[in-house]
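Residue numbers (my numbering), protein chains in the order written: chain X, 1082 to 1431; chain C, 1082 to 1431; chain Z, 1082 to 1431.
For each residue, glycine too, the CB sits at the ideal point set by N, CA and C.
Data block below; observations after.
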Amino acid sequence: MTRSERRSYSLGEIRERFGGEVAGDPATEVRRVATLEAASADCIAFFANARYLSQLKTTRAGAVILGEQARDATRIPRIVSDNPYAYFARVSNLLNPAPPPRPGIHSSAVVDPAASVSADAEVGPCAVIGARARISSGCIIGAGCTIGEAAIIGDDCRLYANVTVYHDCVIGSRAIVHSGAVIGADGFGIAMEEGRWVKVPQVGRVVIGDDVEIGANTTIDRGALDDTVIEEGVKLDNQIQIGHNVHIGAHTAIAACAGVAGSARIGRHCRIGGASGIAGHLTIADNVEISTYTLVTKSIGQAGTYTGAYVFEPHAQWRRNAVQLRHLAELADRVRALEGGSVKPRRSKR
Amino acid sequence: MTRSERRSYSLGEIRERFGGEVAGDPATEVRRVATLEAASADCIAFFANARYLSQLKTTRAGAVILGEQARDATRIPRIVSDNPYAYFARVSNLLNPAPPPRPGIHSSAVVDPAASVSADAEVGPCAVIGARARISSGCIIGAGCTIGEAAIIGDDCRLYANVTVYHDCVIGSRAIVHSGAVIGADGFGIAMEEGRWVKVPQVGRVVIGDDVEIGANTTIDRGALDDTVIEEGVKLDNQIQIGHNVHIGAHTAIAACAGVAGSARIGRHCRIGGASGIAGHLTIADNVEISTYTLVTKSIGQAGTYTGAYVFEPHAQWRRNAVQLRHLAELADRVRALEGGSVKPRRSKR
Amino acid sequence: MTRSERRSYSLGEIRERFGGEVAGDPATEVRRVATLEAASADCIAFFANARYLSQLKTTRAGAVILGEQARDATRIPRIVSDNPYAYFARVSNLLNPAPPPRPGIHSSAVVDPAASVSADAEVGPCAVIGARARISSGCIIGAGCTIGEAAIIGDDCRLYANVTVYHDCVIGSRAIVHSGAVIGADGFGIAMEEGRWVKVPQVGRVVIGDDVEIGANTTIDRGALDDTVIEEGVKLDNQIQIGHNVHIGAHTAIAACAGVAGSARIGRHCRIGGASGIAGHLTIADNVEISTYTLVTKSIGQAGTYTGAYVFEPHAQWRRNAVQLRHLAELADRVRALEGGSVKPRRSKR
């Protein structure tokens, strides 16, 4: 669908679908979403952060979505919502509908005779569907995807090109999986025996709930014995690593490059920052927020925000300060001595 | 092979193969491996961590593998081993044999006429084998894999779907390579000349020994001039980055998301934690353990465990403490002054 | 091209192409590049680091490239250059020319009838080119690559196997893109609404300038509304994550495993270390260097080097010191008290 082919919607039509209140002419038609800065007359933008007030003042958008407190900050036709960003997301989905499946199996795709592919699903070029796999109604399986034996892809899933799903894994409905994601590779199970590693077969699956999105090149390992579980509504950004037997609660969002080690259990509605790490075999409560670059080494039983990142500085300053880290325990002892306290003798340096 | 088709083994048969001692009825038959918690009567589980003692007491497993000290902690038929986890790994491999190759080249695969593919190897759908490449006996090359020109894949290797091996790289026998792994891409060799980067051709190879496992989306760069070398028995988890001309000693294991910069030399039997980083051009001795999230910036000459991760805290506490990091050198000076010592004058802040 | 087929060049010929000065016999012929240590008589090596002086003394190279100050450190025929490493890069490119395209579309590739592929481009086996995509003159599209609808690949680009380019993205001329890279997947745009995430459609593109190299399994997200922009000459190593609407200035180089969060703006000629992180919505000036493993949480307005990595130690020492991090603010207070200063009361621990 090219831009010229898009249909437009009036603010009145939009209000009818999504609620909110229209201020200004409800017949105003919009066709595209845009930032305040880049918008033109056929665009609808949103304002949700006071930082962009000057852009709101000068935007050429045809309409804008904003909160109650900003209702009078512009005279542009507008939709007032108590959650302008989510409202904008709804409008953008309306104006940018995902292309529907083009039902059928491309002639270059390789579908095992024992696989089941819904008649209204699309299987792209060079995709490979294994024996006993199931591709459900409304799915789009992108070019070059490989779906392993007996894997199940739920209704209306969209797998972009070059996704790999290993045998026996299960994905719920309406998943979006981006290119390069690997679902169900073996977890890192090895046992040391007389100086050599023996592989521990990974016989669990990955089981993913409904409405999950998985970013590009993210990897989710199959369980060692039991399953790895991603509950409904979880959103995973790119290049995330989920170890075997991890359990991620519903509606948790994890930013790019994070890693979750084996058997960790993360609660519902958590927000895990980019490049953070969750150690194995621990439990994180619901509604926990982990900051970017933070390594979580113990269970967290209480909602809240947790952080452990080093602050950066100009290199020369960092050098002077960082070297003292190696003497911090000693420094604490010296302060205690100055205070007249007793100091435990320290073992000599190793 | 579905579960119902699996054959079962008696504890006596298992002891015959792997040694150990059977306590209880050696005619007990098991068909599957499972956790203590999930096991049913046809399952064998293992007990190797006192933390799970209560599960041992209540398990419905048909048999269990455990250490000498736990021999009498249950009456279930059991195998006593001095390394129960490794024993379990052996048993699991017996009960979960990897599917053998289905010899032949899929009609959709593209094999260069000048490539050599063993008659008993399997080449999956849409795989591409370049000129002068060699696929040895017993290999499985998964769907969508690309094997570059003159690359050599040793006996009995298993490459899952969508693995890329660049030209001239060499993989030993019995490798397992997971989806999305890229072996032999160019190292990051660039030279600055008058404000622009000039690419330095990467003319080395990647040479991988026998019995290596490589995780999903892991990347191993080819050497700049000489080769990048991964010795036998090395186990690499997912999303690891190995730079050009790195050398990893035999039986070293590296957890997910770690990165090893160019020309680093890691010893044998090391254990490198997840998301850790090894700087370039340094040497790490045998039997070194690096903790998760630790950046190694200098050579390590002695076996032992090394750590450098920031401890996490509730965010408000972290904020109060972390800001002091930027004043740590100054704090040390102030303590020295209090002690009556002399303080070197510090340069003013940049 | 095998080694025996390579042509050789005399030092005189090389000087004619790239300048510099020849010391010793300009008729000396070289055919290959090598390290000082591994070089044989048909090789040319380089010497740019005093650390390798002993290797220069003993090398069996036929010729060597070195700086003015090292001119007399050997009697081997040599080229004297004021930038020996960049000179070496030029010579290596001469001796190791990238294989030219083999024009044509492989019979197993799937090219949409509405796509445009230059007659002198090469499209490899099982590659998929979408409708209205353009593959320009001199391109090599590797096996298994997927180029989305309306994507544009400029002249003389080289995409190795299994690269994914999403719809509408634009890549300039002479790009090198390594296997597993994903260009144009959706950015991580989600809005919270009544306990569930609503996806924000990502309608921007990725626009990449000329002479960019992108490493294996690197991901560059498309813009949410406006585009993600990578300017000319940028070099990205493996497994880098670039968030939506990031802007990277010309000739900046980023080492492996780094992550740049959404809407960050990085200047020209920056050098970003491996596994570093750049937070979203900030600006980094030109010529900034970020050290390995450093998290940048604020804008940087001034050229220079910035660092924030934890120093590693033997584990037992680290434990003693790291625990004090959690008391650092309190320690600073205690020092202030000893100095006779006033101490702000601290809130009790949360």
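Nearest by alpha-carbon distance to residue i: which of the options is it?
i: LYS1316 (chain Z); options: Z:LYS1138, Z:ARG1087, Z:ILE1289, Z:ILE1125; result: Z:ILE1289
i: ASP1106 (chain Z); options: Z:LEU1134, Z:ALA1144, Z:GLU1312; result: Z:ALA1144
i: GLY1147 (chain Z); options: Z:GLY1343, Z:VAL1263, Z:SER1135, Z:ALA1126; result: Residue identity differs from the one stated: residue 1147 (chain Z) is Leu in this sequence, not Gly. Considering only alpha carbons, the answer is Z:ALA1126.
i: GLN1320 (chain X); options: C:ILE1335, C:THR1300, C:ILE1210, C:LEU1240; result: C:THR1300
i: GLY1343 (chain X); options: C:ALA1336, C:ARG1400, C:GLY1348; result: C:ALA1336
i: ASN1326 (chain X); options: X:VAL1392, X:GLY1268, X:GLY1211; result: X:GLY1268
i: VAL1279 (chain C); options: Z:LYS1280, Z:ASP1292, Z:VAL1281, Z:VAL1287; result: Z:ASP1292
i: SER1199 (chain C); options: C:GLY1211, C:SER1188, C:ASP1236; result: C:ASP1236
i: ARG1255 (chain Z); options: Z:GLN1283, Z:SER1197, Z:GLU1230, Z:SER1217; result: Z:SER1217
i: GLY1382 (chain C); options: C:ALA1410, C:CYS1351, C:GLN1398, C:HIS1408; result: C:CYS1351
i: GLU1274 (chain X); options: C:ALA1384, C:TYR1168, C:ALA1122; result: C:TYR1168
i: SER1162 (chain X); options: X:HIS1396, X:LEU1409, X:GLU1102, X:ALA1397; result: X:GLU1102
i: ILE1160 (chain X); options: X:GLU1097, X:PRO1180, X:THR1139; result: X:GLU1097
i: THR1140 (chain Z); options: Z:SER1121, Z:ARG1152, Z:SER1089, Z:GLU1149; result: Z:SER1121
i: GLY1229 (chain C); options: C:ALA1196, C:ARG1239, C:GLY1219; result: C:ALA1196
i: TRP1399 (chain C); options: Z:VAL1392, Z:ALA1397, Z:HIS1408, Z:PRO1395; result: Z:HIS1408
Taking residue i and residue j to be in contact with their CB atoms under 8 angstroms, please state how far apart those CB atoms are, rounded to whole angstroms.
i: PRO1182 (chain X); j: ALA1208 (chain X); result: Contact doesn't hold; Cβ gap of about 13 angstroms is too wide.
i: LEU1406 (chain X); j: ASN1402 (chain Z); result: 6 angstroms
i: ALA1390 (chain C); j: THR1378 (chain C); result: In fact, because the Cβ distance is near 14 angstroms, the residues do not count as touching under 8 angstroms.
i: TYR1247 (chain C); j: ALA1266 (chain C); result: 6 angstroms
i: ALA1334 (chain Z); j: ILE1359 (chain C); result: Not confirmed; about 20 angstroms, so no contact.
i: ARG1286 (chain Z); j: VAL1251 (chain Z); result: 6 angstroms
Should residue i be flagged as near chain D, meaning a C-beta pair shorter than 8 angstroms?
i: ALA1224 (chain Z); result: Chain labels in this structure do not include chain D; the protein chains are X, C and Z.
Does any residue of chain Z have a CB that is nearer than 8 angstroms to the CB of residue i?
i: VAL1209 (chain C); result: yes
i: TYR1049 (chain X); result: Residue 1049 (chain X) lies beyond the residue range present for chain X, which begins at 1082 and ends at 1431; the question has no answer from this structure.
i: SER1429 (chain X); result: Residue placement at SER1429 (chain X) cannot be trusted, given a pLDDT of 45 that sits under 50; what the coordinates show is reported in the next sentence. It does not: the Cβ of SER1429 (chain X) has no partner Cβ on chain Z nearer than 8 angstroms.
i: SER1085 (chain X); result: Note on SER1085 (chain X): pLDDT 47, under 50, position unreliable in the model; no value is reported.
i: GLN1150 (chain C); result: no
i: ALA1413 (chain X); result: yes
i: THR1314 (chain X); result: Note that residue 1314 (chain X) is Gly in the sequence shown here, rather than Thr. Chain Z contact via Cβ: present.
i: LEU1419 (chain X); result: yes
i: GLY1382 (chain C); result: no
i: SER1089 (chain C); result: no
i: ALA1129 (chain C); result: no
i: VAL1191 (chain C); result: yes
With a threshold of 8 angstroms between beta carbons, is residue i in contact with chain X?
i: PRO1282 (chain Z); result: yes
i: ASN1298 (chain Z); result: yes
i: THR1333 (chain Z); result: no
i: PRO1395 (chain C); result: yes
If you measure from the beta carbon of residue i to each beta carbon in chain C, is any gap under 8 angstroms?
i: THR1116 (chain X); result: no
i: ILE1329 (chain X); result: no
i: VAL1246 (chain Z); result: no
i: ARG1183 (chain Z); result: no
i: LEU1306 (chain X); result: yes
i: ALA1266 (chain X); result: yes
I'd like to know whether the C-beta atoms of residue i and residue j end up nearer to each other than 8 angstroms.
i: ILE1234 (chain C); j: GLU1294 (chain C); result: no
i: PRO1165 (chain Z); j: ALA1131 (chain Z); result: no
i: LEU1306 (chain Z); j: ALA1115 (chain X); result: yes
i: GLY1314 (chain X); j: ARG1213 (chain Z); result: no
Apart from the five residues just before and just after residue i, which ones in its own chain have a Cβ nearer than 8 angstroms to its Cβ?
i: THR1109 (chain Z); result: SER1091, LEU1092, GLY1143, ALA1144, PRO1158
i: ARG1349 (chain X); result: GLU1312, GLY1330, ALA1331, HIS1332, THR1333, ASP1367, ASN1368
i: GLY1435 (chain Z); result: Absent from the structure is residue 1435 (chain Z), since the part of chain Z shown begins at 1082 and ends at 1431.
i: GLY1052 (chain X); result: Since the first and last residues shown for chain X are 1082 and 1431, residue 1052 (chain X) lies out of range.
i: ARG1084 (chain Z); result: Residue placement at ARG1084 (chain Z) cannot be trusted, given a pLDDT of 44 that sits under 50; what the coordinates show is reported in the next sentence. Contacts found: ARG1112, ARG1113.
Leaving aside the five residues before and after residue i along the sequence, list all residues of the same chain whose C-beta is less than 6 angstroms from its C-beta, in chain order.
i: THR1227 (chain X); result: VAL1209, THR1245
i: ARG1346 (chain Z); result: HIS1328, THR1364
i: ILE1353 (chain C); result: ILE1335, ALA1339, ILE1371
i: THR1388 (chain Z); result: SER1372, THR1375
i: ARG1171 (chain C); result: PHE1099
i: ILE1323 (chain C); result: ILE1301, VAL1341
Less than 7 angstroms between C-beta atoms, sequence neighbours within five positions excluded: which residues of the same chain meet that for residue i?
i: ALA1356 (chain C); result: CYS1338, ALA1339, THR1373, TYR1374
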